[in-house]
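> First, the structure itself, so that you have it in front of you.
In my numbering, the protein residues as written are 1 to 321.
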């Protein structure tokens, strides 16, 4: 069973967090004839690239409203432009990636999907070969190393800054509610579209509400890497899970079972097993938490300045369509 990833885990698992982007890039490459959406120095971004990237940001692309579509397209286009620029900068700077690290991330990708059949199914959906996926992983790692060297390495947070932040915002020394939950995931595949996955989750939910043991249902049906543990998750705080899971989970009381929840991984079912009220952090925990918040603010500001400078120096053309 694949346990819902926390934000920390996602930041440490570049490949896993960007799996939908890999799909988008792959599907864009499958188009043989396509209109140009943007020219970024020597690179071309096609309309297929943009459409696939925009769809990958949604759980149900068919549910995007007519009002949302132009905004999603613009967001996806700007994201792709930044990605191309960063990859160009990484290559220009001579950044390299060890082949062993690429293979390790590719192994994570395969393990994440499960069986060889599920890997093959995902590759078909992405319209990519294993070698093409490895190249995308290499590109992601090149960009990650560039950002680490050019942005992260420039950021410092002093003890005085942490103390000042805590003094001005004492509420930061409190820990919010924490929940212990169990989880069932039914994956969406080419052979099992979202409607079928949702119907199966709804049937599982009916069984649970009728008195069937949630743990046994997880062992029987779930397709996540905690399946053998009966779907049991670690304690989580609000904001640590994927947004769609986080919102649903923290609206529940102990013993309650969620409605089916769609995500890029598939369709989920959650049950709250226990809940702890907010409590004061230890001094060490409070300092660590505030340090991370200050660091993230500084990183975001520094990254936006840096990528803005790169954009200003680049040749970027967006044809009128």
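In this text, a Cβ means the ideal position worked out from N, Cα and C, and glycines have one as well. These numbers come from a predicted model, not from an experiment.
Identify every residue that forms a DSSP beta bridge with residue 189.
Answer is none; residue 189 lacks a bridge partner.
> State the Cα-Cα distance for the pair residue 249 and residue 266, rounded to the nearest angstrom.
Their Cα atoms are separated by approximately 16 Å.
> Can you find at least 3 beta carbon pairs, one from the region 216–225 and one from the region 236–245, that sit closer than 8 Å?
Below 8 Å, too few C-beta pairs join the region 216–225 and the region 236–245 to call them touching: fewer than three.
> Sort 133, 210, 141 by Cα distance to residue 101 and report the nearest one.
141
> Quick check on the DSSP output: the beta strand (DSSP E) that includes residue 275 runs from which residue to which?
266–276
> Just curious, the alpha helix (DSSP H) that residue 286 is in, first and last residue?
It spans 283–313 - the alpha helix (DSSP H) in which residue 286 sits, taken as one unbroken run.
> Going along the chain, which unbroken runs of the beta strand (DSSP E) with 3 or more residues stay wholly within the region 157–212?
178–187
> Compare the Cα-Cα distances from residue 174 to each of 314, 280, 123, 301 and report the closest residue.
280
> Look up residue 46 in the DSSP assignment and give the residues it is bridged to.
36
> Spell out a yes or no on whether the region 171–190 and the region 133–152 are touching, meaning 3 or more CB-CB pairs, one atom from each, closer than 8 Å.
With the cut-off at 8 Å, the region 171–190 and the region 133–152 do not touch.
> Going by Cα to Cα distance, which pick from 316, 95, 150, 257 is closest to residue 305?
Measuring from the Cα of residue 305, the nearest candidate turns out to be 150.
> Locate the alpha helix (DSSP H) running through residue 99, then write down its first and last residues.
99–113
> Nearest CA to the CA of residue 211: which residue from 196, 257, 36?
Each of 196, 257, 36 was checked against the Cα of residue 211, and the nearest Cα belongs to 257.
> Please classify residue 71: is it buried, with 16 or more other beta-carbons within 10 angstroms of its beta-carbon, or exposed?
exposed
> Does DSSP classify residue 259 as helix, strand or coil?
coil
> Give the C-beta separation of residue 294 and residue 188 to the nearest angstrom, bearing in mind that I take them to be a contact with Cβ-Cβ under 8 Å.
Here residue 294 is actually not in contact with residue 188; their C-beta atoms are around 39 Å apart, not less than 8 Å.
> Based on DSSP bridge pairs, tell me the residues matched to residue 316.
Residue pairing by DSSP places residue 316 opposite 40 in a beta bridge.
> State the beta-bridge partners of residue 237 as determined by DSSP.
178
> Assess, as a yes-or-no matter, whether the region 80–91 is touched by the region 100–117 under the definition of 3 or more beta carbon pairs within less than 8 Å.
no
> Answer yes or no: do residue 185 and residue 223 have a C-beta to C-beta separation smaller than 8 Å?
yes
> Sort out for me which residues DSSP pairs residue 279 with in a bridge.
175
> With DSSP as the reference, identify every bridge partner of residue 322, one or two as the case may be.
Nothing in the structure corresponds to residue 322, since the chain is present only between 1 and 321.
> Just to confirm, is the Cβ distance from residue 252 to residue 272 under 8 Å?
yes
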